[in-house]
Amino acid sequence: MSYVYLLAGEDLELAKADLQGFLRSQKIEETSDVVSRLASTETEPEQLKRLGLTHEVSKILYRGKKESIDFDYRPQHSYAVRAENIDAEIEGAESEIGEYLSTEENSVDLENPVETIKIYVLEDEIVVGKVIEDIDRSLFQERTNDNREFSSPVSLDPVLARVLVNLSEVPPGGHIIDPFCGTGGILIEAGLCGIGVHGSDIQKEMVKGTRKNLEEYGIIVHDIKECAIDEVADEFGTRFDALITDLPYGQSSKSENRPIQNFLQSMDEIADTKVFMYNEPELAGYEASFEVYVHKNLTRYIYVLD
861 MSYVYLLAGE
871 DLELAKADLQ
881 GFLRSQKIEE
891 TSDVVSRLAS
901 TETEPEQLKR
911 LGLTHEVSKI
921 LYRGKKESID
931 FDYRPQHSYA
941 VRAENIDAEI
951 EGAESEIGEY
961 LSTEENSVDL
971 ENPVETIKIY
981 VLEDEIVVGK
991 VIEDIDRSLF
1001 QERTNDNREF
1011 SSPVSLDPVL
1021 ARVLVNLSEV
1031 PPGGHIIDPF
1041 CGTGGILIEA
1051 GLCGIGVHGS
1061 DIQKEMVKGT
1071 RKNLEEYGII
1081 VHDIKECAID
1091 EVADEFGTRF
1101 DALITDLPYG
1111 QSSKSENRPI
1121 QNFLQSMDEI
1131 ADTKVFMYNE
1141 PELAGYEASF
1151 EVYVHKNLTR
1161 YIYVLD
């Protein structure tokens, strides 16, 4: 059986990387095939809600030319057919597939169907799939900085924080650390994925606030300490599966404790895999893996180092 993923269109390269990192976090080494905004795999992973830049996942019922549609599946309950015109548009596709699926045992329900059948219209083919996971990305909005019990003027967008977690490829049950945890945005997303979360910050207020935010989202088990980046290895006394963080920039990166320099000197001692954001495309000889446009005055860069 094959599966198809409808990727978010705002940053396709990052969406592909988010999916690939997610697959590897599930111990799936398969590389997804991608055509336009559709990625596909032969394996169905667990924990599909972990994806950050995917709208939905469907089990493929048919892939090929519209003129030669032929598959055995028929819904056993109410269903709706919806078309996603990705590269092209086929007039009447929804009604045609809807009629094809119709039996005496099922019925069409456009408002509250038990099953949703999607038609993905590409330039040279169509894909018909049964939706098995509709990822409600509005839930990320509920976890934005403004909606947290503790907030600060600077905080990473939850979708982007989830992408960083997936890029780390850390599986459920693994452990990550954010040594500049701030209000805990990255740790919240990691904790919701079943990953053990550890964090530190040099400001006592941030440490207390991160603990409060984690517990607000049901992440009761956590390990948050007040310390500087160059004290992390000694304070925690262990190596982590990954270090994931949003590095300080602007005025906060020029403070007397030299956080960026100390980070570069300490990161290899803390974890093998490092995923972090910064405001420059190159840092100490490392080149960014991805560029993220935030707004006209700000572009951020994602680094993935092994």
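So that you can map any letter, position 164 of the sequence shown is 1024 in the numbering used here, and since no number is skipped, the others follow by simple counting. Cβ coordinates follow ideal geometry from the N, Cα and C atoms, glycine included.
Legend entry - Beta-carbon contacts of Ile1037 that lie in its chain and below 6 Å, excluding the five residues immediately before and after: Result list for Ile1037: His1058, Phe1100, Leu1103, in chain order.
Legend entry - C-beta contact flag for Ile1079 and Ile1048 at 8 Å: Result yes, Cβ atoms of Ile1079 and Ile1048 sit closer than 8 Å.
Inset, instruction - State the CB to CB distance for the pair Leu866 and Val1023, rounded to an integer number of angstroms; the pair is presumed to be in contact (CB under 8 Å). - result: Going by Cβ atoms, the distance from Leu866 to Val1023 rounds to 16 Å, so no, they are not a contact pair.
Inset, instruction - Specify the secondary structure class of Val1154 as computed by DSSP and reduced to three states. - result: When DSSP states are grouped into helix, strand and coil, Val1154 belongs to the strand group.
Legend entry - Sequence-distant residues of the same chain with beta carbon closer than 6 Å to Leu1016, five excluded per side: Excluding sequence neighbours, Leu1016 sits near Gly1045, Asp1106.
Legend entry - Endpoints, beta strand (DSSP E) assigned at Leu1074: Leu1074 -> not in any beta strand (DSSP E); alpha helix (DSSP H) instead, spanning 1064-1076.
Inset, instruction - Reducing DSSP to helix, strand and coil, say where Tyr933 ends up. - result: Tyr933 sits in coil when the DSSP states are folded into three classes, being neither helix nor strand.
Legend entry - Glu916 versus Gly989 - alpha carbon distance: C-alpha of Glu916 to C-alpha of Gly989: approximately 11 Å in a straight line.
Legend entry - Close-in-space but distant-in-sequence residues of the same chain around Val895 (CB under 7 Å, 5 per side omitted): Cβ within range, chain order: Leu982.
Inset, instruction - Quick one: give me the first and last residue of the alpha helix (DSSP H) that Glu956 is part of. - result: For Glu956, the enclosing alpha helix (DSSP H) stretches over residues 953-961.
Inset, instruction - Just the C-alpha distance for Ser1011 and Val1152, rounded to the nearest angstrom, thanks. - result: Each residue's alpha carbon lies about 23 Å from the other.
Legend entry - Gly1033 burial status per 10 Å Cβ neighbour count (16 or more: buried): Around the beta carbon of Gly1033, fewer than 16 other beta carbons sit within 10 angstroms, so the residue counts as exposed.
Inset, instruction - Take Ala892 and list the residues in its own chain whose beta-carbon comes closer than 8 Å to its own, dropping the five residues that flank it on each side. - result: The residue you asked about is not Ala; residue 892 is Ser in the sequence shown. Counting only Cβ-Cβ distances below 8 Å, and skipping sequence neighbours, we find Tyr865, Lys876, Leu879, Gln880, Leu883, Ala899, Ser900, Thr901.
Legend entry - Contacts around Asn972, its chain only, beta-carbon distance under 8 Å, and the 5 residues preceding and following it disregarded: Correct list, in chain order: Ser938.
Inset, instruction - May I have the straight-line CA-CA distance separating Phe1123 from Phe1136, to the nearest angstrom? - result: Taking the straight line joining both Cα atoms gives about 11 Å.
Legend entry - Limits of the beta strand (DSSP E) - the one that Asn945 falls within: In the DSSP assignment, Asn945 falls within the beta strand (DSSP E) that extends over 938-945.
Inset, instruction - Give the secondary structure of Met1127 by DSSP, where H, G and I count as helix, E and B as strand, and everything else as coil. - result: Here Met1127 carries a helix assignment [DSSP, helix/strand/coil].
Inset, instruction - Go ahead and label Glu951 buried or exposed: buried means 16 or more other beta carbons lie within 10 angstroms of its beta carbon, across all protein chains shown. - result: Exposed, by the Cβ-count rule.
Legend entry - For Lys1072, the nearest candidate out of Ser1149, Phe1150, Cys1041, Leu913 (CA to CA): Considering only alpha carbons, the answer is Cys1041.
Inset, instruction - Grab me the residues of Ser1028's own chain with a C-beta within less than 6 Å of its C-beta, minus the 5 sequence neighbours each way, in chain order. - result: Shown here for Ser1028: same chain residues with a beta carbon closer than 6 Å to its own, the five before and five after excluded, namely Ala1102, Ile1104, Thr1133, Val1135 in chain order.
Legend entry - Neighbour-count burial assignment, Met1066, 16 or more Cβ in a 10 Å radius: The residue in question, Met1066, is buried, as its Cβ has 16 or more Cβ neighbours within 10 Å.
Inset, instruction - Report the rounded CA-to-CA distance for Ala1093 versus Lys978, giving the unit in angstroms. - result: Using only the alpha carbons, I get a separation of about 49 Å.
Inset, instruction - Return the CA-CA distance between Lys909 and Ile920, expressed in angstroms with no decimal places. - result: Here the alpha carbon of Lys909 sits roughly 19 Å from the alpha carbon of Ile920.
Inset, instruction - State the DSSP-derived secondary structure class of Ala875, mapped to helix, strand or coil. - result: DSSP, read as helix, strand or coil, puts Ala875 in helix.
Legend entry - Counterpart residues of His1035 in DSSP-defined beta bridges: BP columns for His1035 point to Gly1056.
Inset, instruction - Could you tell me if Met1127 is buried or exposed, where buried requires 16 or more neighbouring beta carbons within 10 angstroms of its beta carbon? - result: Note on Met1127: 16 or more other CB atoms within 10 angstroms of its CB, so buried under the neighbour-count rule.
Inset, instruction - Assuming Ile992 contacts Ser918 (C-beta within less than 8 Å), just tell me the rounded distance between them. - result: Sure, about 6 Å apart at Cβ, within 8 Å.
Inset, instruction - Give a yes or no on whether the C-beta atoms belonging to Tyr1109 and Asn1139 are separated by under 8 Å. - result: Cβ atoms of Tyr1109 and Asn1139: closer than 8 Å.
Legend entry - Rounded separation between Glu975 and Ala940 - CA only: Using only the alpha carbons, I get a separation of about 7 Å.
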